[in-house]
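Chemist: A single structure is presented below for examination.
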Amino acid sequence: MIYKTKGPKETQKIASELAKKILKSGVQKHAVTIALEGELGAGKTTFIKGFAKTLGIKAHITSPTFVILKNYKLPASPKLQRGEQTTNYKLLVHIDAYRLKNYRDLISLGLKETMANPENIILIEWSERVKPIIPSKHIGIHIDHTGKDEIKISVKNVTE
Ligand code: ADP
Ligand code: MG
13 MIYKTKGPKE TQKIASELAK KILKSGVQKH AVTIALEGEL GAGKTTFIKG FAKTLGIKAH
73 ITSPTFVILK NYKLPASPKL QRGEQTTNYK LLVHIDAYRL KNYRDLISLG LKETMANPEN
133 IILIEWSERV KPIIPSKHIG IHIDHTGKDE IKISVKNVTE
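What follows is the structure, encoded as structure tokens:
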């Protein structure tokens, strides 16, 4: 699916729709992994902010470039537009791989275990830098800058 947006609000709306879809899809065997690619300033963190807000996260999401990984607890019932919805997801994990030299650094942070846990939703910025650790089943998001305040967001559900 390809979307074009003309500003951060529109981008967050797309992210919000994806978050709702994931909540509705129910429990999976493993964590949901969302791999985000795109240049510096493309809109990856902006997208994640919209995603997190829809999951009911009140904390201010910033780019975790200097800490690599941040955990945000999800409330039990995020308020969605059409009424409240309970969710089995418990944790959103935000990773920024920009400064990582090697995907193995994420293994030391316990990411394999985090990815095995179906209660987690993991969003990884600069996922192209840590390809070996991205599970074959994931949601791939590629963001391209196409003009002033305009971006193209490609969302791909990768199953194999
Ligand atoms: P990244 O995480 O990819 O480095 P950010 O999301 O931190 O990028 O920054 C994107 C910047 O571009 C923000 O300042 C945002 O307000 C701005 N911006 C302008 N147009 C858009 C758009 N259509 N979608 C998302 N962000 C946009
Ligand atoms: Mg960022």
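Quick note on my numbering: the sequence shown kicks off at 13 and runs consecutively.
Every residue, glycine too, gets a C-beta built ideally from N, C-alpha and C.
Checking 8 Å against the spacing of the C-beta atoms, do Leu81 and Leu104 come in under that value?
Modeler: Their beta carbons are not under 8 Å apart, which means Leu81 does not touch Leu104 by this criterion.
Chemist: Note down, in chain order, each residue of its chain lying with its Cβ closer than 6 Å to the Cβ of Lys168, except the 5 sequence neighbours on either side.
Modeler: Only Gly152 meet the Cβ criterion.
Chemist: The alpha helix (DSSP H) that contains Lys33, what's its start and end?
Modeler: Per DSSP, Lys33 belongs to the alpha helix (DSSP H) from Pro20 to Lys36.
Chemist: When burial is assigned at 16 or more other CB atoms within 10 Å of the CB, is Ser148 buried or exposed?
Modeler: Classification of Ser148: exposed, given that the 10 Å Cβ count is below 16.
Chemist: For the stretch 122-130 against the stretch 17-35, are there 3 or more C-beta pairs whose distance is under 8 Å?
Modeler: The stretch 122-130 is not in contact with the stretch 17-35.
Chemist: Taking DSSP as the reference, what is the three-state secondary structure of Gly62?
Modeler: Gly62: helix per DSSP, three-state reduction.
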